[in-house]
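These notes concern the structure reproduced below.
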Amino acid sequence: MILVQWKDDYSVGAERVDDEHKALIERINRLYDRLMNEDDPSAVSVFFENLANVISIHFALEERFLHEHGYEKLPQQREDFERLLDEILGLLDEFDRNEETDRENLAARLDGWLSSHSETHDARLGEVFPRPN
């Protein structure tokens, strides 16, 4: 099942970051599939936790790219990364606390989280890397 489809608008102009974004979308889609089809909440929880770890690693890569290119607003970006990671961990905690949570709603919030990240925080990467034409 597909929750999020890659769009060229998501491109930040750095191939490695774009590849990671595509991989994140693939993981989010796999999580969505598990949310909708997996009866074992612990399997979903483990997958969700792994996604949170991958997102943390991804943010570290983006932060390194911004640092290497002298991005002036890096402290703000770090705070945003921490807040976004806290939001993902909050979704995981919510699922763990109530395995009967509305999975469609959780998936919609996950999609909203990714869209928000792409439209705001990744837009800053576009300031550093020219977008492809």
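The opening residue of the sequence shown carries number 1 in my numbering; numbering runs sequentially from there.
By construction, the Cβ of each residue, glycine as well, lies at the ideal position given by its N, Cα and C atoms.
Here the structure is a predicted model, which means the values were calculated and not measured.
Please work out which residues of its chain come closer than 7 Å, Cβ to Cβ, to residue i, disregarding the five sequence neighbours upstream and downstream, and give them in chain order.
i      : result
Ile57  : none
Ile88  : Ala52, Ile55, Trp113
Asp111 : Leu3, Val4
Taking the Cβ atom as the reference point for each residue, do residue i and residue j lie within a distance shorter than 9 Å?
i      : j      : result
Leu51  : Ile28  : yes
Gln77  : Leu66  : yes
Tyr10  : Ser118 : yes
Phe95  : Leu106 : yes
Leu92  : Ser45  : yes
Arg64  : Phe47  : no
Val128 : His69  : yes
Reducing DSSP to helix, strand and coil, say where residue i ends up.
i      : result
Asn98  : coil
Gln5   : coil
Asp111 : helix
His21  : helix
Tyr32  : helix
Asp40  : coil
Tyr71  : coil
Ala60  : helix
Ser11  : coil
Between which residues of its own chain and residue i is the CB-CB distance below 8 Å, once the five residues before and five after are set aside?
i      : result
Ala43  : Arg34
Arg103 : Leu35, Met36
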